[in-house]
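Report on the following structure.
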Amino acid sequence: MAKTIFIIDDSAVMLMSLKQTLEMAAFQVETAKDGLEAFQRLKSGLKPDLIITDINMPNMNGLEFIKNARIVLRFTPILALTTESQAAKRDEAKRLGATGWLVKPVAGPDLLRVIKQVMPGI
Amino acid sequence: MKNLPDNCPVKFIPDKPWLNFSLSLVLCGAVGVLVWVLNPWFVEVTQPENRLAAAVSIGVTMFLVIAVHQYLYRLVPGIRHQTETGTGVLQRARQRKVMEQLVTDLECFPQFADILRGQLSAANGSTEAGAINIMNALSHIRPKSQALLATLKNQKEKAGDLAAQAHRLAQNAQTLRNLSQTQTQLTQTVREIAKQTKILALNAAIEAARAGEAGSAFAVVADEVHKLSQQTDATMAQIDQAIAAMSLSVSGNSSMAVSLDEMNRYLTQIATESHAEMDHIHQDIIDALGHMQFQDISRQQIEQVIAALEDLIVHFAAVKVALEGPQEASWLPLQERIDALRRDYVMHRQRVTHAAVTGQTTTAESRPAIELF
């Protein structure tokens, strides 16, 4: 059965780009346009095998989302994929339970390589 | 007349000559009336013994005239205009015109900024639509490439199956060829037996003739044996023909199997190479999708420029209000807004661009673009 990856980004282009890339690599993909929507989906029972989230988003930003998501999913790997390069925010994400930090743009093969590193069983 | 703040560096000088003239007349008239009222007292004090009193009274009168003039000067700019002459007046007039023009420009600035903001938003929308269109095109190519990849994989497997079948066919042909050789050897043996039988039958017929009456029955048997050997000969000839035909057929099948084997090797090679090429196309599509992230980066940069424009609108609106009203200047200095811009950056490249303009230093990124905790 295909592994599920949950992508959260307020950019339609990013969602489309990542969804197609991951589907080509035989993953099942779910998307949300901000942290609030994503957290509601998790509370509704969505159990992804991996989460990839943007940081600077409206309604609920990525750091808040990571903090909330960790309450619901303690062991699911969470990758931050963002343009944000401030070390302080990176450290904050690490403290809140993020698994890794990727600064955009990230090439498709690099992203797939990181996913294989952090996702168990593939 | 517009009220200006006291700390405004440009003094306001109205350009109203008729008002200036009228007020000057009023002022002169007031002095004349004062002199007329005090005339008897002036006559009295012009006596030598009242010179001191006269001097004092004239001084007081002049003081009153100057005080009234100063009072009117403060209240009515027309008088001030009358008292100021030369380049100072012209300069202030020019400054006033500049100020009026500046206020008019400030009124237009929000519209100007809105146009820029609209254009930038439209540019953002265009790049987003363009990126989505490209990805839609890629999304159409993607299933086709995947289907083609699957077909090629299937064809490669089929070509392999066909090659295995051809190999088995060649093996069967070889087995048949071996069998036909064995059969040829067997028919040769049978033909030898028939030949011996024929000789035996001939000898038996000779012996039967020599035996006379007693050997007549034996002669019949010898004759039947002879006929049997002849039939065997004929049958062997037919079997030889059948074996020859079969050998020819087997030989043809064997050649066909070799041809099939070669063809399948060729098809397998094509399928393998095509599969590899399709795999490259697949990877290229993934790369192209990754490059689409440029739009998200440029979108965020443009959005920050739009936000800065909105800040400028607020800034100049505050400047305009301060220029028009009596209150103290209270807008946020532009330098603070520039510093705020720097704090709001999210990308290293934004900080680098800012530093290149302001001359500030920016630290190089020490953390890798991909970091696993």
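Chains as they are written, first to last, in this note's numbering: chain A, 398 to 519; chain B, 13 to 385.
Glycine included, C-beta positions come from ideal geometry on N, C-alpha and C.
These numbers were taken from a predicted model, which means no experiment stands behind them.
Evaluate contact between the segment 219-230 of chain B and the segment 191-205 of chain B, counting only Cβ atoms and requiring at least three cross-stretch pairs below 8 angstroms. no
So for I78/B, helix, strand or coil by DSSP? Your numbering for residue 78/B matches position 66 in the second sequence. Correct three-state label for I78/B: helix.
Would you kindly report the start and end of the unbroken alpha helix (DSSP H) that includes Q250/B? As a position in the second sequence, residue 250/B is number 238, starting the count at 1. Unbroken alpha helix (DSSP H) run through Q250/B: S228 to H303.
Within 10 Å of its beta-carbon, does T116/B have 16 or more other beta-carbons around it, so buried, or fewer, so exposed? In the second sequence, counting from the first residue as 1, residue 116/B sits at position 104. Exposed: under 16 other Cβ atoms inside 10 Å.
Does DSSP put I475/A in a helix, a strand or coil? Taking the first sequence and counting its residues from 1, the one referred to as residue 475/A is at position 78. Strand at I475/A.
Quick one: what does DSSP say Q372/B is sitting in, helix, strand or coil? Residue 372/B sits at position 360 when you count from the first residue of the second sequence. Coil, per DSSP.
Should T373/B be flagged as near chain A, meaning a C-beta pair shorter than 8 angstroms? Here the question's residue 373/B lines up with position 361 in the second sequence. At least 8 angstroms separates the CB of T373/B from every CB of chain A.
I'd like to know whether the C-beta of E481/A is nearer than 8 angstroms to at least one C-beta of chain B. As a working note, residue 481/A is residue 84 in the first sequence. Taking Cβ atoms only, chain B reaches closer than 8 angstroms to E481/A, which makes this a yes.
Residues in the same chain with beta-carbon distance under 8 angstroms from A217/B, minus the five sequence neighbours each way, listed in chain order, please. The sequence position of residue 217/B within the second sequence is 205, counting from 1. A231, A234, D235 and H238.
Please report the straight-line C-alpha distance between I25/B and I452/A, rounded to a whole angstrom. The residue labelled residue 25/B in the question sits at position 13 within the second sequence. The residue labelled residue 452/A in the question sits at position 55 within the first sequence. Since pLDDT at I25/B reaches only 40, below the 50 mark, its modelled position is unreliable, and the value read off the structure follows with that caveat. Approximately 57 angstroms between the Cα atoms of the pair.
Where S482/A falls, given that 16 or more other Cβ within 10 Å makes a residue buried: In the first sequence, residue 482/A corresponds to position 85, counting from 1. That one is buried.
Find the nearest neighbour of I463/A within the set P517/A, L493/A and D488/A, judged by alpha-carbon distance. Along the first sequence, one-based indexing puts residue 463/A at 66. Ranking the options by Cα distance to I463/A, first place goes to L493/A.
Cβ closer than 9 angstroms: which chain B residues qualify as neighbours of G432/A? Indexing the first sequence from 1 puts residue 432/A at position 35. Chain B residues near G432/A: none, gap ~16 angstroms exceeds 9 angstroms.
Would you kindly report the start and end of the unbroken alpha helix (DSSP H) that includes A429/A? Stepping through the first sequence from its first residue, residue 429/A is reached at position 32. Note, A429/A: premise wrong, no alpha helix (DSSP H); beta strand (DSSP E) at Q425 to A429.
Can you give me, in chain order, the residues of the segment 296-318 of chain B that have a beta carbon less than 8 angstroms from any beta carbon in chain A? I297, I298, D299, L301, G302, H303, M304, Q305, F306, Q307, D308, I309, R311 and Q312
Neighbour list for F121/B in chain A, Cβ cutoff strictly below 9 angstroms: To locate residue 121/B, count along the second sequence from 1; it is residue 109. Chain A residues near F121/B: none, gap ~28 angstroms exceeds 9 angstroms.
For the segment 145-165 of chain B against the segment 415-424 of chain A, do three or more pairs of beta-carbon atoms, one drawn from each stretch, fall closer than 8 angstroms, so that the two count as touching? yes
Checking contacts by CB at 8 angstroms: is L499/A closer than that to chain B? Here residue 499/A corresponds to residue number 102 of the first sequence, with the count starting at 1. It does; some Cβ of chain B falls within 8 angstroms.
Which residues in chain B have a C-beta closer than 9 angstroms to the C-beta of M413/A? List them in chain order. Walking along the first sequence from the start, residue 413/A turns up at place 16. The answer, in chain order, is A143, I144, M147, N148, S151, L301 and M304.
Looking only at its own chain, which residues have a Cβ that is under 8 angstroms from the Cβ of M359/B, when we skip the five neighbours before and after it? Residue mapping note: residue 359/B aligns to position 347 of the second sequence, counting from 1. Sequence-distant Cβ neighbours of M359/B in its own chain, meaning closer than 8 angstroms and more than five residues away, are I309, Q312 and Q313.
Pull up the distance between the alpha-carbon of P21/B and that of E461/A, whole angstroms please. Locating residue 21/B in the second sequence gives position 9, counting from the first residue. Locating residue 461/A in the first sequence gives position 64, counting from the first residue. For P21/B, the predicted structure reports a pLDDT of 36, less than 50, and the residue's modelled location is therefore unreliable. A value from the coordinates is still provided. Distance between the alpha carbons of P21/B and E461/A is about 50 angstroms.
How about V410/A and P474/A: do their beta carbons lie closer than 8 angstroms? Position 13 of the first sequence holds residue 410/A. Position 77 of the first sequence holds residue 474/A. Going by C-beta atoms, V410/A is not nearer than 8 angstroms to P474/A.
C-beta neighbour in chain B for M454/A, strict 8 angstroms: Taking the first residue of the first sequence as position 1, residue 454/A is located at position 57. With respect to chain B, the C-beta atom of M454/A has no partner C-beta closer than 8 angstroms.
Exposure of G264/B, with buried meaning 16 or more beta-carbon neighbours within 10 Å: As a working note, residue 264/B is residue 252 in the second sequence. By the neighbour-count rule (16 or more Cβ atoms within 10 Å), G264/B is not buried but exposed.
Could you list which residues in chain B have their beta carbon closer than 8 angstroms to that of T418/A, in chain order? For the purposes of this step, residue 418/A is taken as the residue at position 21 of the first sequence. Within 8 angstroms of the CB of T418/A, the CB atoms of chain B belong to I298, L301 and G302, in sequence order along the chain.
Would you say D446/A reaches chain B, if we count a Cβ-Cβ gap shorter than 8 angstroms as a contact? Position 49 of the first sequence, counting from 1, holds the residue named residue 446/A. Cβ-Cβ to chain B under 8 angstroms: no for D446/A.
is_contact[E383/B, chain A] using C-beta, thresh 8 angstroms: On the second sequence, position 371 is the one that residue 383/B refers to. Closer than 8 angstroms to some Cβ of chain A, the Cβ of E383/B qualifies, so yes.
Using Cβ-Cβ distances below 7 angstroms, what residues of the segment 453-479 of chain A are close to chain B? N453
If we ignore side chains and look at the alpha-carbon of each, how far apart do V102/B and L35/B end up? If you number the second sequence from 1, residue 102/B lands on position 90. If you number the second sequence from 1, residue 35/B lands on position 23. One point to set straight first is that residue 102/B is Leu, not Val, in the sequence displayed. About 21 angstroms.
Roughly how many whole angstroms lie between the Cα atoms of G100/B and I325/B? By 1-based counting over the second sequence, the position of residue 100/B is 88. By 1-based counting over the second sequence, the position of residue 325/B is 313. Each residue's alpha carbon lies about 34 angstroms from the other.
Look at the Cβ atom of L301/B, then the Cβ atom of G505/A, and state whether they are nearer than 8 angstroms. Indexing the second sequence from 1 puts residue 301/B at position 289. Indexing the first sequence from 1 puts residue 505/A at position 108. Using a Cβ distance threshold of 8 angstroms, L301/B and G505/A count as a contacting pair.
At the level of alpha carbons, what is the spacing between S228/B and Q242/B? Residue 228/B sits at position 216 when you count from the first residue of the second sequence. Residue 242/B sits at position 230 when you count from the first residue of the second sequence. Taking the straight line from one Cα to the other gives about 21 angstroms.
Just the C-alpha distance for F75/B and R104/B, rounded to the nearest angstrom, thanks. Here residue 75/B refers to the residue found at position 63 of the second sequence. Here residue 104/B refers to the residue found at position 92 of the second sequence. Approximately 29 angstroms between the Cα atoms of the pair.
I'd like to know whether the C-beta of K14/B is nearer than 8 angstroms to at least one C-beta of chain A. Taking the second sequence and counting its residues from 1, the one referred to as residue 14/B is at position 2. At K14/B the pLDDT is 42, less than 50, meaning the model places this residue with poor confidence and gives no usable figure here.
Assuming contact is defined by CB atoms lying nearer than 8 angstroms, are M147/B and S408/A in contact in what I supplied? By 1-based counting over the second sequence, the position of residue 147/B is 135. By 1-based counting over the first sequence, the position of residue 408/A is 11. No, they are not a contact pair.
Members of the segment 355-373 of chain B that neighbour chain A once the beta carbon cut-off is set at 7 angstroms: So the list reads V358, M359 and H360, given in the order they occur along the chain.
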